[in-house]
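Residue numbers (our numbering), protein chains in the order written: chain A, 1 to 343; chain B, 344 to 686. Every residue, glycine too, gets a C-beta built ideally from N, C-alpha and C. None of these values were measured; they are calculated from a predicted model.
Number of protein chains: 2
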Amino acid sequence: MTKATIRDVAAAAGVSRQTVSRVLNDKPDVAKETRQRVLEVIDRFGYRPSSIARSLTQGRSCTLGVVSYGVQYFGPSHTLAGIQHQASEMGYTLHLSLVRQPAESGVQILHDLISYHVDGIIWAVSEIGNNRGWAEEELCRSSVPVVFLDMRPCPNLPVVNIENRVGGYLATKHLFDQGRRKIGLITGPLDWWSAQERRAGWSDALQGAGLTADDFLIVEGTWSAASGERGFRRLLEQCPGVDAVFACNDQMALGVLKAARELGRRVPEDLAVVGFDDVPEAPFFCPSLSTVRQDLSELGRSAVRELVRLIEAKQQDEAQVEPRTILLQPELIVRGSSVVPGW
Amino acid sequence: MTKATIRDVAAAAGVSRQTVSRVLNDKPDVAKETRQRVLEVIDRFGYRPSSIARSLTQGRSCTLGVVSYGVQYFGPSHTLAGIQHQASEMGYTLHLSLVRQPAESGVQILHDLISYHVDGIIWAVSEIGNNRGWAEEELCRSSVPVVFLDMRPCPNLPVVNIENRVGGYLATKHLFDQGRRKIGLITGPLDWWSAQERRAGWSDALQGAGLTADDFLIVEGTWSAASGERGFRRLLEQCPGVDAVFACNDQMALGVLKAARELGRRVPEDLAVVGFDDVPEAPFFCPSLSTVRQDLSELGRSAVRELVRLIEAKQQDEAQVEPRTILLQPELIVRGSSVVPGW
DNA sequence: GTGAAAGCGCTAACAC
DNA sequence: GTGTTAGCGCTTTCAC
Numbered sequence: 001m002t003k004a005t006i007r008d009v010a011a012a013a014g015v016s017r018q019t020v021s022r023v024l025n026d027k028p029d030v031a032k033e034t035r036q037r038v039l040e041v042i043d044r045f046g047y048r049p050s051s052i053a054r055s056l057t058q059g060r061s062c063t064l065g066v067v068s069y070g071v072q073y074f075g076p077s078h079t080l081a082g083i084q085h086q087a088s089e090m091g092y093t094l095h096l097s098l099v100r101q102p103a104e105s106g107v108q109i110l111h112d113l114i115s116y117h118v119d120g121i122i123w124a125v126s127e128i129g130n131n132r133g134w135a136e137e138e139l140c141r142s143s144v145p146v147v148f149l150d151m152r153p154c155p156n157l158p159v160v161n162i163e164n165r166v167g168g169y170l171a172t173k174h175l176f177d178q179g180r181r182k183i184g185l186i187t188g189p190l191d192w193w194s195a196q197e198r199r200a201g202w203s204d205a206l207q208g209a210g211l212t213a214d215d216f217l218i219v220e221g222t223w224s225a226a227s228g229e230r231g232f233r234r235l236l237e238q239c240p241g242v243d244a245v246f247a248c249n250d251q252m253a254l255g256v257l258k259a260a261r262e263l264g265r266r267v268p269e270d271l272a273v274v275g276f277d278d279v280p281e282a283p284f285f286c287p288s289l290s291t292v293r294q295d296l297s298e299l300g301r302s303a304v305r306e307l308v309r310l311i312e313a314k315q316q317d318e319a320q321v322e323p324r325t326i327l328l329q330p331e332l333i334v335r336g337s338s339v340v341p342g343w
Numbered sequence: 344m345t346k347a348t349i350r351d352v353a354a355a356a357g358v359s360r361q362t363v364s365r366v367l368n369d370k371p372d373v374a375k376e377t378r379q380r381v382l383e384v385i386d387r388f389g390y391r392p393s394s395i396a397r398s399l400t401q402g403r404s405c406t407l408g409v410v411s412y413g414v415q416y417f418g419p420s421h422t423l424a425g426i427q428h429q430a431s432e433m434g435y436t437l438h439l440s441l442v443r444q445p446a447e448s449g450v451q452i453l454h455d456l457i458s459y460h461v462d463g464i465i466w467a468v469s470e471i472g473n474n475r476g477w478a479e480e481e482l483c484r485s486s487v488p489v490v491f492l493d494m495r496p497c498p499n500l501p502v503v504n505i506e507n508r509v510g511g512y513l514a515t516k517h518l519f520d521q522g523r524r525k526i527g528l529i530t531g532p533l534d535w536w537s538a539q540e541r542r543a544g545w546s547d548a549l550q551g552a553g554l555t556a557d558d559f560l561i562v563e564g565t566w567s568a569a570s571g572e573r574g575f576r577r578l579l580e581q582c583p584g585v586d587a588v589f590a591c592n593d594q595m596a597l598g599v600l601k602a603a604r605e606l607g608r609r610v611p612e613d614l615a616v617v618g619f620d621d622v623p624e625a626p627f628f629c630p631s632l633s634t635v636r637q638d639l640s641e642l643g644r645s646a647v648r649e650l651v652r653l654i655e656a657k658q659q660d661e662a663q664v665e666p667r668t669i670l671l672q673p674e675l676i677v678r679g680s681s682v683v684p685g686w
């Protein structure tokens, strides 16, 4: 059962392909009864126009490319969901490309997506090391708009970020306000730009409070709960008097909670803990976890809106639209792990 | 800067488009120096052939459609990652379609994907209520193979499943083996087929042990941690002597742990708990969570392999390949929440 | 070895 | 209102 084409429909309805096309696209200038007849045939044949043939002639596919990494994890999966919902609302479908090595150059992937005639691309792989090095040079000669997520703002590229540095500041300031003075830090892998930013926010807060951001207060983690657990034990060796920890994601914070339990440190009395992300399970941790919420769904949605803006601007006038940097604010969520009742 | 086409390359290299095409596709019958010359021009122009134009002529796009739901959650996101990895290894890219209402009929989505000329489709939305009712009728007249995940096996359709019923049995049998005799159940939403299956496994185990699967041992949850917490409180009302709970995912189990803590029931001494999924955080819960591991990545990978098998069979000979049902086995993971040390 | 012609399924531009 | 022509970028005949 080979699929019906516009030819078959035209023949069966006794009209030209053009007329069928007009009916399909709700163009005027089709007689009511002609339209009716065509619609009937379409229905009878179960005919559906080919989107890719359309893409070829119209020069647009209503498809966005999405490049992501580790879509099984919290951040990427929530971002992807936001991207999809906004794209769907705006009439776009997604072509998905998941890289296996976040550090690899994107040139190959970029060209692959372009060969599928995507109208634009959302680069949702975090900036890690120099994995964006190719972008500026490659994109100036590319014809497709690309919006980047989670990357150091760059005047020539459209970027959408959560303000990780602000988030790190909020978490740390909150711990300080609770009377903590030895505030340890368990970072993400420091080749991640976002991890560096959260650390910078921690530094900002300490220095703003007249404390020093000493190296012995810092342990580098891997984002995993296991690394949070190990990290806290290390931190205790480096700084036995530590009375608070800012873990740069909720998984690592969960590891800290476990280690503290095993080492007999009470949370929050002996040790205040704040995480980052606000995973849905955070209120159910033991104790419930204070954290910094980032609206990843909105991150994805914003990226789509910005991308569509660029796409449409490109179609309308030939004039170049200047790229924007969009920043979203994180929010401190206070729960049991950082506040001693009645303190 | 408009993109270079095969025309431009042909002109610049002083050959015909066919010759360029031959070079692109590594066909023989091109003189070494001609090939060299063409390759140089391709490189100089940064030319990349259009995948969609190719799709049109070749009748295949090397693209798989994936229909998913709630990709921000654990199950769907891990399945998607598995799908992507296997697809990528086998030379396919993905066209993603996320439904917002899991219960809606898929006919529209199916046709949309087909219009993009996907070579095959993986239907990764769980079977809920009658949301697969359209499938059998629609697919017999469809030209594109579709593999379904997480659905009641059906002789006419290719299906890949985790054996949820076995998982439910393993969890419950384990609790029985630990000496528990009042084993409560917190299910997922019972219009989900997988939730029904896990319940059936619980029933199987109880009946196999000579116990009765009483209704007052069952509470229906929503998969969320909050519903697990509420569920356990309800369960206590319905059956005050409950000494074990099988929560049908790890989030709900986490909610049970929290409720038990607040109600002064010690886990595992007073209450043994087993979850389902084995989320990466489960070993870090308080206490660490026993659970049933399902290899969702492998689920996705199997689906892709099966789909590609169907695609290729269709291309080779015209003969219909009979659809298969593929079943993957879950695995019991025993941790602290279900075993009293020294018992 | 290479090129010319025809066609994949559709739409834009222009007739009538 | 409707049909014809041409073309999107590529590949598949089939010549030469």
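Asked: Give me the Cα-Cα distance between Gly342 of chain A and Gly336 of chain A, rounded to the nearest whole angstrom.; Found: 12 Å
Asked: List the residues of chain A whose Cβ lies closer than 9 Å to the Cβ of Val629 of chain B, in chain order.; Found: According to the sequence shown, residue 629 of chain B is Cys rather than Val. Going along chain A in sequence order, the residues near Cys629 of chain B (Cβ under 9 Å) are Leu257, Lys258, Arg261, Phe285, Cys286.
Asked: Using Cβ-Cβ distances below 8 Å, what residues of the stretch 20-46 of chain A are close to chain B?; Found: Gly46
Asked: Short check: CB of Asp243 of chain A to CB of Val279 of chain A, under 9 Å?; Found: no
Asked: I'd like the list of long-range same chain contacts for Ser68 of chain A, defined as Cβ closer than 8 Å, with 5 residues on each side in sequence excluded.; Found: Pro76, Thr79, Leu80, Leu96, Ser97, Leu98, Val99, Ala124, Val125
Asked: Chain B partners of Lys3 of chain A, CB-CB under 7 Å?; Found: Ser486
Asked: Under three-state DSSP, which class holds His111 of chain A?; Found: helix
Asked: Given that Ser393 of chain B touches chain A, what residues does it touch there, using C-beta distances under 7 Å?; Found: Ser115, His117
Asked: Ends of the beta strand (DSSP E) at Tyr185 of chain A?; Found: A small fix is needed here, since residue 185 of chain A is Leu in this sequence, not Tyr. Note, Leu185 of chain A: beta strand (DSSP E), 183-187.
Asked: Select from A:Ala53, A:Arg7, A:Pro28, A:Asp204 the residue whose C-alpha is nearest the C-alpha of His460 of chain B.; Found: A:Ala53
Asked: Output yes if chain B places a C-beta closer than 9 Å to the C-beta of Pro280 of chain A; else output no.; Found: yes
Asked: So Val352 of chain B contacts chain A; which residues on that side make the cut at Cβ distance below 9 Å?; Found: Correct list: empty, because the minimum Cβ distance to chain A is about 14 Å.
Asked: Quick one: give me the first and last residue of the alpha helix (DSSP H) that Tyr169 of chain A is part of.; Found: 164-177
Asked: Select from the stretch 84-101 of chain A all residues with a C-beta closer than 8 Å to any C-beta belonging to chain B, and list them in chain order.; Found: Gln84, His85, Ser88, Thr93, Leu94, His95, Leu96, Ser97, Leu98, Arg100
Asked: Quick check: the Cα distance between Phe619 of chain B and Pro673 of chain B, rounded to an integer number of angstroms?; Found: 9 Å
Asked: Tell me, please, whether the CB atom of Gln415 of chain B is closer than 9 Å to any CB atom in chain A?; Found: yes
Asked: Go through its chain and collect everything with a Cβ distance to Val610 of chain B's Cβ below 7 Å, but skip five positions before and after it.; Found: Leu600, Ala603, Val616, Pro630, Ser680
Asked: Note down, in chain order, every chain A residue with its Cβ under 7 Å from the Cβ of Ser398 of chain B.; Found: Ile52
Asked: Flag Val682 of chain B as yes if its beta-carbon sits less than 9 Å from any beta-carbon of chain A, otherwise no.; Found: no
Asked: If I follow the unbroken beta strand (DSSP E) through Trp192 of chain A, where does it start and stop?; Found: That residue, Trp192 of chain A, is in no beta strand (DSSP E); it is neither H nor E in DSSP.
Asked: Roughly how many angstroms lie between the CA atoms of Phe148 of chain A and Glu127 of chain A, to the nearest whole one?; Found: 9 Å
Asked: Rounded to whole angstroms, what's the CA-CA distance from Leu642 of chain B to Leu671 of chain B? Just pull it up for me.; Found: 7 Å
Asked: Could you spell out the range, first to last residue, of the beta strand (DSSP E) harbouring Arg636 of chain B?; Found: 634-636
Asked: Would you say Val66 of chain A reaches chain B, if we count a Cβ-Cβ gap shorter than 9 Å as a contact?; Found: yes
Asked: How long is the line joining the alpha carbons of Thr291 of chain A and Phe285 of chain A, rounded to whole angstroms?; Found: 12 Å
Asked: I want to verify the contact list: residues of chain A whose CB lies under 9 Å from the CB of Leu597 of chain B, in sequence order.; Found: Glu281, Phe284, Phe285
Asked: Name, please, each residue of chain A whose Cβ falls closer than 9 Å to the Cβ of Leu423 of chain B.; Found: Val71, Gln72, Ser77, Leu80, Leu96, Leu98
Asked: Does the beta carbon of Ala568 of chain B come closer than 9 Å to any beta carbon on chain A?; Found: yes
Asked: Should Gln72 of chain A be labelled buried (16 or more other beta-carbon atoms within 10 Å of its own) or exposed?; Found: buried
Asked: To which residues of the same chain is Asn507 of chain B closer than 6 Å at the C-beta, ignoring the five residues directly before and after it?; Found: Ser537, Glu540, Arg541
Asked: In whole angstroms, what is the alpha-carbon distance linking Gly167 of chain A and Leu64 of chain A?; Found: 30 Å
Asked: Could you round the C-beta distance between Ala446 of chain B and Asn474 of chain B to whole angstroms and report it? I think they count as a contact, below 8 Å.; Found: 5 Å
Asked: Can you tell me which of the three DSSP states Glu674 of chain B falls into?; Found: strand
Asked: Taking the beta strand (DSSP E) that Ser97 of chain A falls in, what are its first and last residues?; Found: 93-99
Asked: Along the chain, which unbroken stretches of the beta strand (DSSP E) at least 3 residues long are found entirely within the stretch 207-266 of chain A?; Found: 218-220, 244-247
Asked: Would you say Asp455 of chain B lies against chain A (beta-carbon separation less than 9 Å)?; Found: yes
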